[in-house]
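Visitor:
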Ligand SMILES: Cc1ncc(C[n+]2csc(CCOP(=O)(O)OP(=O)(O)O)c2C)c(N)n1
Ligand code: SF4
């Protein structure tokens, strides 16, 4: 995986907890959905995307409760229709990072047709299915991924049906990124999620922010020295607007001092070209 530009030093504001809402999950103790939530918030923090730029869309089921536990925009939709909702959102708001959450019942049974066609369309969004091989919320009905011999009061002796294979079907339908993770490994899941969301796109704002700051400095240099300055020149410019700024402390003298004439130095556009003003 390509190395992210964001490092712990450059993203102090992005912590997994920044993406959690105040709602306490109502999942059963030990449910794997807790770890998936953890992976979501860790991935968002790694990507350093502001919460208001993310939409978490879901269908219905225990797993589909996830949007409420994040502080991103979200929509807890209807059973099996999360991908339809998310596709509509993504095509109208392509600037948003759209992550869709679902269960195996939601995604592969009632929503199975939407699943195949979403893979075929490859709209730029990420679909996460929490496959517990059962309809959790509706008390253990067999789902498409339930083992054939899963013997319960609802399916005595098991369904005898061969399980649906999501990854094979996703591949055959044309999905461009397919992965399987274990919920009990939230760090690994977060890493895969970052890769799935990112898909080699420039994702975080750090590089863009640094370049924007450089453009501001470029304008300042051009105006104060009275000459055209290109982006390339500015990138390689050794001029420091505030020399030794990295050594400043609260007790340092002001970086600009009065001259012998009692005036502060001022730019002289066209006369001083190498730097803004001389002291
Ligand atoms: C149209 C419709 N049919 C049935 C239901 C009942 N229902 C609610 S959740 C659910 C299954 C959820 O199972 P799954 O998607 O595997 O999620 P889990 O609860 O296991 O996370 C069903 C059938 C519903 N809400 N809407
Ligand atoms: S019923 Fe199953 S899926 Fe739902 S919260 Fe409990 S353990 Fe999780």
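Numbering (this note's numbering), first residue to last: 132 to 410. Glycine included, every Cβ here is placed at the ideal spot set by N, Cα and C. Quick caveat, the model's predicted, so the values are computed rather than measured.
Give me the pocket residues for ligand 2, defined as CB within less than 5 angstroms of any heavy atom, sorted by chain position.
Guide: Counting only beta-carbon distances shorter than 5 angstroms to the non-hydrogen atoms of ligand 2, the qualifying residues in chain order are 158, 159, 162, 193 and 267.
Visitor: At a threshold of 7 angstroms, does residue 189 count as lining ligand 1 (C-beta to nearest heavy atom)?
Guide: No, Cβ of residue 189 sits at least 7 angstroms from all heavy atoms of ligand 1.
Visitor: Would you mind stating whether residue 180 and residue 228 have Cβ atoms separated by less than 8 angstroms?
Guide: Less than 8 angstroms separates the beta-carbon of residue 180 from that of residue 228.
Visitor: So for residue 358, helix, strand or coil by DSSP?
Guide: coil
Visitor: Which one of 203, 356 and 409 has the shortest CA to CA distance from residue 390?
Guide: 409
Visitor: Applying the 10 Å Cβ sphere with the 16-neighbour rule, what's the burial state of residue 145?
Guide: buried
Visitor: As a quick exercise: from 394, 315, 395 and 233, pick the residue whose alpha carbon is nearest that of residue 195.
Guide: 233
Visitor: Measuring alpha carbon to alpha carbon, tell me which of 298, 244 and 183 ends up nearest residue 213.
Guide: Nearest to residue 213 by C-alpha distance, out of 298, 244 and 183, is 244.
Visitor: Going by Cα to Cα distance, which pick from 280, 350, 237 and 186 is closest to residue 297?
Guide: 237
Visitor: Comparing alpha-carbon positions, which option in 344, 254 and 171 lies nearest residue 305?
Guide: The residue from 344, 254 and 171 with its alpha-carbon nearest to that of residue 305 is 254.
Visitor: Which parts of the segment 144-194 are runs of the beta strand (DSSP E), unbroken and 3 residues or longer, counting only runs that do not cross its ends?
Guide: Complete beta strand (DSSP E) runs here, min 3: 185-189.
Visitor: Just verifying my parser: in three-state terms, what is the DSSP assignment at residue 231?
Guide: If DSSP states are grouped into helix, strand and coil, residue 231 belongs with the strands.
Visitor: Short check: CB of residue 210 to CB of residue 190, under 8 angstroms?
Guide: yes
Visitor: Since residue 362 and residue 407 are thought to touch, with beta carbons under 8 angstroms apart, how far apart are those beta carbons, to the nearest angstrom?
Guide: Going by Cβ atoms, the distance from residue 362 to residue 407 rounds to 18 angstroms, so no, they are not a contact pair.
Visitor: Taking DSSP as the reference, what is the three-state secondary structure of residue 259?
Guide: Here residue 259 sits in strand by DSSP.
Visitor: Taking the alpha carbon of residue 327 as the reference point, which residue from 162, 316 and 308 has its own alpha carbon closest?
Guide: 308
Visitor: Can you check which of these residues, 226, 397 and 176, is closest to residue 325 by C-alpha distance?
Guide: Of the listed residues, the one whose Cα sits closest to residue 325 is 176.
Visitor: Which residues bound the beta strand (DSSP E) around residue 207?
Guide: 204-207
Visitor: For residue 415, which of helix, strand or coil comes out of DSSP?
Guide: With the chain covering 132 to 410 only, the question about residue 415 has no answer from this structure.
Visitor: Starting from residue 317, trace the alpha helix (DSSP H) both ways and give me its first and last residue.
Guide: Unbroken alpha helix (DSSP H) run through residue 317: 317-329.
Visitor: Return the bridge partner residues of residue 266 from the DSSP annotation.
Guide: 272
Visitor: Taking 7 angstroms as the cut-off, is the beta-carbon of residue 241 closer than that to any non-hydrogen atom of ligand 1?
Guide: yes
Visitor: Please tell me whether, using a cut-off of 7 angstroms, the distance from the CB of residue 411 to the nearest non-hydrogen atom of ligand 1 is below it.
Guide: Examination of residue 411 is not possible in this model, given that the chain is present from 132 through 410 alone.
Visitor: Rounded to the nearest angstrom, how far is the Cβ of residue 355 from that of residue 400, given a contact under 8 angstroms?
Guide: 6 angstroms
Visitor: Under a three-way DSSP split, which group does residue 290 fall into?
Guide: coil
Visitor: Comparing alpha-carbon positions, which option in 303, 341, 352 and 206 lies nearest residue 248?
Guide: The residue with the shortest Cα to Cα distance from residue 248 is 303.
Visitor: Beta-carbon of residue 155 versus every beta-carbon of chain C: anything under 8 angstroms?
Guide: You won't find chain C in this structure, because it holds only one protein chain.
Visitor: Using a 10 Å radius around the Cβ and a threshold of 16 neighbouring Cβ atoms, would you call residue 171 buried or exposed?
Guide: buried
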